[in-house]
Amino acid sequence: MAISLQKGQQISLAKEAGPSLGKVRMGLGWDAIKKKGFLGFGGGQVAVDLDANALLFDAGGNLVDAVWFRQLQSKDGSIRHSGDNRTGAGDGDDETIEVDLARLPANVVTVIFSVNNYTGQDFSQIENAYCRLVNLQGEKEIARYNLSAQGGHSAMILASLKRQGNDWTMTAIGATSRGRTYNDNLPDMRPFL
9 MAISLQKGQQ ISLAKEAGPS LGKVRMGLGW DAIKKKGFLG FGGGQVAVDL DANALLFDAG
69 GNLVDAVWFR QLQSKDGSIR HSGDNRTGAG DGDDETIEVD LARLPANVVT VIFSVNNYTG
129 QDFSQIENAY CRLVNLQGEK EIARYNLSAQ GGHSAMILAS LKRQGNDWTM TAIGATSRGR
189 TYNDNLPDMR PFL
């Protein structure tokens with residue numbers, strides 16, 4: 009059974025997923041904003057373009073690489089993005105990022121997952137938003153983070169994976185930020201490196 013992560017909670021991925029953990033997928037899902045019509049008429053939906061990001065940092069806190077909608081794979085190929093979903097339509101994960109932990113370069117000690125709202129609506133308007141981590145061997149959900157944060161922010165720093173010897177730990181961050189792309193959020197990520 010998956011752990012429902014709370015802000016700041018830390019889990020050992022090896023303990024939760026077992027020794028077979030080698031590849032993980034971060035899934036991001038959300039629904040379009042439902043517009044209310046006048047007297048029940050004229051309603052509809054407003055597309056929301058959330059973007060999942062995986063940012064790789066070295067021990068000095070330097071950005072080594074970034075996987076996002078404009079770069080769908082890391083330079084070494086260890087991380088792959090599913091592609092940009094601009095509406096949130098459909099069930100399940102709308103964007104995914106797969107990470108091959110064993111193939112990550114040795115100088116990468118932290119991977120931070122974040123999400124930006126490219127279309128600019130704040131998160132208080134977005135329904136059913138979540139982030140989850142899945143062990144690709146057996147498709148077992150390890151952890152889930154509910155992104156139902158209310159407020160006037162357009163970006164969130166979701167979670168970090170940190171290398172500790174041969175193990176990786178995940179920390180739910182849940183910090184709010186602003187901006188349409190991860191570049192806008194780098195200063196807000198510094199405390200979590």
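No gaps in the numbering here: position 121 of the sequence shown is 129 in my numbering, and each next residue is one more.
Just so it is clear, CB atoms sit at the ideal spot from N, CA and C, and this is done for glycine as well.
{"Query": "Cα-Cα separation between Asp84 and Leu112, rounded to whole angstroms", "Result": "8 Å"}
{"Query": "Reduced DSSP category for Gln145 - H, G, I as helix; E, B as strand; rest coil", "Result": "coil"}
{"Query": "Helix, strand or coil at Leu80 [DSSP, three-state]", "Result": "coil"}
{"Query": "Sequence ranges, alpha helix (DSSP H) only - wholly within the region 101–145, length at least 4", "Result": "none"}
{"Query": "Beta-carbon separation (whole angstroms), Asn8 vs Glu103, contact threshold 8 Å", "Result": "No answer is possible for residue 8: the residues shown for the chain start at 9 and end at 201."}
{"Query": "Nearest-angstrom Cβ-Cβ length linking Leu63 and Leu71, presumed shorter than 8 Å", "Result": "6 Å"}
{"Query": "The beta strand (DSSP E) enclosing Asp66, as first and last residue numbers", "Result": "Neither: Asp66 is in no beta strand (DSSP E) and is coded neither H nor E."}
{"Query": "Helix, strand or coil at Asp92 [DSSP, three-state]", "Result": "coil"}
{"Query": "Cutoff 9 Å: Arg94 Cβ touching any chain C Cβ", "Result": "Judged by its chain identifiers, the structure shown contains no chain C, having just a single protein chain."}
{"Query": "Euclidean distance between Cα positions of Glu149 and Gly35", "Result": "10 Å"}
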